[in-house]
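Following my numbering from start to finish, the sequence shown increments by one per residue and tops out at 160. Note that the Cβ used here is the ideal one computed from N, Cα and C, for glycine as well.
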Amino acid sequence: MYWRLEQERAWSGLCVVPYKLADHPMALPLLEKNLVENASKTGPMVHEPLEWVNTAHVEQLLAADEDGFELVVLADCVHWPELFEPLVSTLASLVTSPETQCLMAYEERNAKTEAEFFAMLRAGDKFVVRRLEESEMDPRFYADDIHVFSITRPAVG
Ligand SMILES: C[S@@+](CC[C@H](N)C(=O)[O-])C[C@H]1O[C@@H](n2cnc3c(N)ncnc32)[C@H](O)[C@@H]1O
4 MYWRLEQERA
14 WSGLCVVPYK
24 LADHPMALPL
34 LEKNLVENAS
44 KTGPMVHEPL
54 EWVNTAHVEQ
64 LLAADEDGFE
74 LVVLADCVHW
84 PELFEPLVST
94 LASLVTSPET
104 QCLMAYEERN
114 AKTEAEFFAM
124 LRAGDKFVVR
134 RLEESEMDPR
144 FYADDIHVFS
154 ITRPAVG
């Protein structure tokens, strides 16, 4: 889903399944506009504010899904170094067990800076982080500078 939306530059931010879109409060008017324009393709979608540093937002997202999310998808969120830690911490709150699959796409803009994000993500072995191979992606939308990562919690035991 994120490929189509991201390629049309209609959406960035975070989505969890059961379907719920979340983005920074400033981005919600654009998100709402896109939901209205794409309603015939997406069906009903719930959206909520999510500022990564805001624990109330994270708790509100989690509240409706006691068993944890099946899938967390985020696109084009690795950008500002000062937000790397809030984003890692938000992912730690949303990807709560090995049963939650997280897929993260981003456009490589500054590999050296972005490496700091991945170091934070991998620190302490809290996540298993794997870059998807080209063969795993839809060739219609593959691009050399767009990377997709699988982020999961390590299996227990
Ligand atoms: C690099 S921008 C995405 C730009 C967009 N894909 C484009 O091509 O125009 C990074 C995105 O991360 C999200 N974001 C940034 N800071 C955030 C924060 N503090 N909390 C939640 N989301 C944030 C927003 O969705 C923002 O649009």
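Nonlocal neighbours in the same chain, by C-beta distance under 8 Å from residue i, ignoring five residues either side
i: Phe87; result: Val81, Glu119, Phe120 and Met123
i: Leu1; result: Given a span of 4 to 160 for the chain in the structure shown, any question on residue 1 remains unanswerable.
i: Val132; result: Phe121, Leu124, Arg125, Phe152, Ser153 and Ile154
i: Arg156; result: Val98, Thr99, Ser100, Pro101, Thr103, Lys129, Phe130 and Val131
Cutoff 7 Å; reference residue i; Cβ partners in own chain excluding five residues on either side
i: Gln63; result: Glu51
Residue i CB to nearest heavy atom of ligand 1 below 7 Å
i: Ala30; result: yes
i: Val56; result: yes
i: Pro89; result: yes
i: Cys80; result: yes
i: His161; result: The structure shown has nothing for residue 161, since the chain only spans 4 to 160.
i: Leu64; result: no
i: Asp233; result: Beyond the ends of the chain as shown, which are 4 and 160, falls residue 233; an answer cannot be given.
Residue j beta carbon less than 8 Å from that of residue i
i: Phe97; j: Phe130; result: Going by the sequence as given, residue 97 is Leu instead of Phe. In this structure, Phe130 does not lie closer than 8 Å to Leu97 by Cβ.
i: Gln104; j: Leu65; result: no
i: Leu77; j: Met107; result: yes
i: Ile154; j: Leu94; result: yes
i: Glu136; j: Tyr145; result: no
i: Glu69; j: His60; result: no
i: Asp79; j: Glu111; result: no
i: Val56; j: Pro89; result: yes
Opening and closing residue of the alpha helix (DSSP H) in which residue i lies
i: Phe121; result: Ala114 to Arg125
i: Leu65; result: Thr58 to Ala66
i: Val98; result: Looking at the DSSP string, Val98 is not in any alpha helix (DSSP H), and its letter there is neither H nor E.
Endpoints, the beta strand (DSSP E) within which residue i is located
i: Ser153; result: Ile149 to Thr155
Residue i beta carbon near ligand 3 (any heavy atom closer than 7 Å)
i: His150; result: Looking at this structure, you won't find ligand 3 anywhere; what it does contain is ligand 1.
Any chain C beta carbon closer than 8 Å to residue i
i: Leu24; result: Absent from the structure: chain C. Only one protein chain is present.
Enumerated in chain order, which unbroken segments of the alpha helix (DSSP H) with a length of 4 residues or greater are wholly contained in the segment 25 to 50? Counting only runs of 4+ residues, the alpha helix (DSSP H) found wholly inside the segment 25 to 50 occupies 31 to 40 and 42 to 45, in chain order.
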